[in-house]
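See structure below.
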Ligand SMILES: [Mn+2]
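Numbering (my numbering), first residue to last: 3 to 368.
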């Protein structure tokens, strides 16, 4: 039989029939090889003793041999011990083993969708750190965006579905001249348009591969912004035909700058914010997507454009204006627009709406 090595007090050793050690020191540190049954006996003995014994006295002869031993017991404590034991017994009778906990399939991954929210990335913009706080150029922007997606994909919960919501101004400028399309304001650019187009295509393709590796189904919104009304068109169309055979990927090619994705009971809207601001956009979304809105229980609208966070809730939906990961250009810096830099992954549940979010700050991915 397997033996246990246990430290026993002198009286316990004696109880089991061992000869006590000759000296006080040896007795204090004595260890014995005992059977599990003997150990059980010792524990029972200890249980009985602990509460009730309040002290012991011994009478020794001139050679140190114990002649007499008194064990002082507390009558009340003995009674208490008995009472406690009966309570324990009663509790044991009343406790019924629980039935096994059922796995909630309503909380599994198929019911979750992660929205990678990216806006105003201003790829191709040039910012000089010394002047506006942080450097920004094509190289930095490409590296930062890949870092964002690898961090964000790693941090977001497992899910079957993802939305890549690019809400506009992905490209800083929109043609051979680096100017704003509407007012022809000259922009700080890095540098040649063909180079910008190449990097844009390359980085979006990399992101799509990363997303398809994690998700069974991916929807891509390439929203129009005021900086890239034409480039967002060719980006959407190019991606749609390039990935024609990728059945797990859906590229939204809607030419109207108001976009809608539904997921379970969620209705998700996107608009850059250049045509309609966050304060009165809810009715525009609803009027354009009455059917999708009517079937949904949780409704969210997402915008960008102004580079700073704003959240509000109307009677129709929750609205959120997002920050950007991009650095400030000289125009923003000189104008005193100093909002923080981050991007978010928002997690929606089919039945419960938004259930979580991951915020990736620029300093996590620099
Ligand atoms: Mn904008």
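Just so you know, even glycine gets a beta-carbon here, dropped at the ideal spot from N, CA and C.
Predicted, not measured: the structure shown is a model, and the values here were computed from it.
Of the candidates 250, 181, 146, 158, the residue whose Cα lies closest to the Cα of residue 221 is 250. In the structure shown, residue 127 adopts extended strand secondary structure according to DSSP, grouped into three states. DSSP places residue 333 inside the alpha helix (DSSP H), whose first and last residues are 332 to 336. Counting only the Cα atoms, residue 328 lies some 10 Å from residue 342. Looking from the CA of residue 181, the closest CA among 202, 151, 128 belongs to 128. With a contact defined as Cβ atoms closer than 8 Å, residue 152 and residue 116 miss out at about 14 Å. Three or more beta-carbon pairs drawn from the region 303 to 323 and the region 278 to 286 are found closer than 8 Å, and the two stretches are therefore classed as touching.
The set of residues with a C-beta under 5 Å from any non-hydrogen atom of ligand 1 comprises 171, 227, 228, 307, given in chain order. With respect to the 7 Å criterion, residue 355 and residue 272 are not classified as neighbours on the basis of their beta carbons. Counted as a single uninterrupted DSSP element, the stretch harbouring residue 199 is not any beta strand (DSSP E) but the alpha helix (DSSP H) occupying residues 195 to 216. The three-state secondary structure of residue 240, taken from DSSP, is helix. Fully contained in the region 281 to 356 are the following beta strand (DSSP E) runs of length 3 or more, in chain order: 300 to 305, 312 to 315, 320 to 323, 344 to 351. By the 16-neighbour rule on beta-carbons within 10 angstroms, residue 233 is buried.
Between residue 139 and residue 192 the beta-carbon gap is near 4 Å, inside 8 Å, which marks them as a contact.
If you draw a 10 Å sphere on the C-beta of residue 339, you find fewer than 16 other C-beta atoms in it, and that means exposed. Take residue 201, set aside five residues on each side of it, and the residues of its chain with a beta-carbon closer than 6 Å to its own are 140, 144, in chain order. The residue from 279, 308, 266, 245 with its alpha-carbon nearest to that of residue 260 is 279.
Residue 175 and residue 307 have their alpha carbons spaced roughly 14 Å apart. Taking each of 199, 122, 49, 57 in turn and checking the Cα distance to residue 83, the smallest one comes out for 49.
For the pair residue 147 and residue 330, the Cα-to-Cα distance works out to about 16 Å. If you ignore the 5 residues before and after residue 69, its C-beta comes within less than 7 Å of the C-beta of 61, 62, 63, all in its own chain and listed in chain order. Between residue 332 and residue 119 the beta-carbon gap is near 26 Å, outside 8 Å, which marks them as no contact. Under the three-state reduction of DSSP, residue 361 is assigned to strand.
Per DSSP, residue 157 has no beta-bridge partner at all. In this structure, 276 is the residue among 276, 365, 66, 255 with its C-alpha nearest to the C-alpha of residue 184.
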